[in-house]
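Numbering (this note's numbering), first residue to last: 78 to 199.
Built from N, CA and C at the ideal position, the CB exists for glycine as well.
Only a predicted model underlies this, so the values are computations on that prediction, with no experimental measurement involved.
Below is one structure, written out as structure tokens; the observations come after it.
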């Protein structure tokens with residue numbers, strides 16, 4: 078029973094490390110070089126076949142600019158400002174022309190639920 082929880086956490090960590098690497102636009106080889114590791118080690122970690130030490134977790138966290146809690150799957154279901162996906166989206170939005178950004182913001186607003194905190198909707 079504890080094994081299942083440990084496996085779930087390992088899978089979450091492996092998935093989030095892979096996602097963070099991809100969002101950072103880095104290859105496994107580049108990450109390995111930046112962290113002074115071997116590329117197969119990065120592959121094993123991302124496949125959930127190798128455990129990550131606390132020191133390694135902090136190094137990944139620093140490299141991807143993501144909190145250890147995010148990488149470990151300990152964050153709420155909503156995204157925090159320091160989530161690497163939010164940072165990636167912000168970088169991409171920054172590339173848009175003002176009129177395109179306004180149009181996209183209207184589309185995003187249409188996806189929000191009326192009870193999402195908008196005081197004017199009451």
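Item: Spatial neighbours of residue 120 within its chain, please: CB distance less than 7 angstroms, with the 5 preceding and 5 following residues excluded, ordered by chain position.; Value: 105
Item: Can you tell me which of the three DSSP states residue 157 falls into?; Value: coil
Item: On the premise that residue 97 lies in contact with residue 143, defined as a C-beta separation below 8 angstroms, what is that separation, rounded to the nearest angstrom?; Value: 5 angstroms
Item: Determine the extent of the alpha helix (DSSP H) in which residue 139 is found, giving its start and end residues.; Value: 131 to 141
Item: Put residue 125 into one of helix, strand or coil per three-state DSSP.; Value: coil
Item: So, at 7 angstroms on beta carbons, what are the nonlocal neighbours of residue 165 in its own chain, with the 5 sequence-adjacent residues on each side left out?; Value: 100
Item: So, residue 42 versus residue 148, is the Cβ gap smaller than 8 angstroms?; Value: What the structure shows of the chain is the stretch from 78 to 199, and residue 42 is not part of that stretch, so it cannot be assessed.
Item: Could you work out which residue in 125, 145, 124 is closest to residue 132 when comparing CA atoms only?; Value: 145
Item: Give the list of continuous alpha helix (DSSP H) stretches no shorter than 4 residues that lie fully inside the segment 167 to 191.; Value: 175 to 188
Item: Relative to the alpha-carbon of residue 95, which residue among 173, 125, 185, 177 has its alpha-carbon at the smallest distance?; Value: 125
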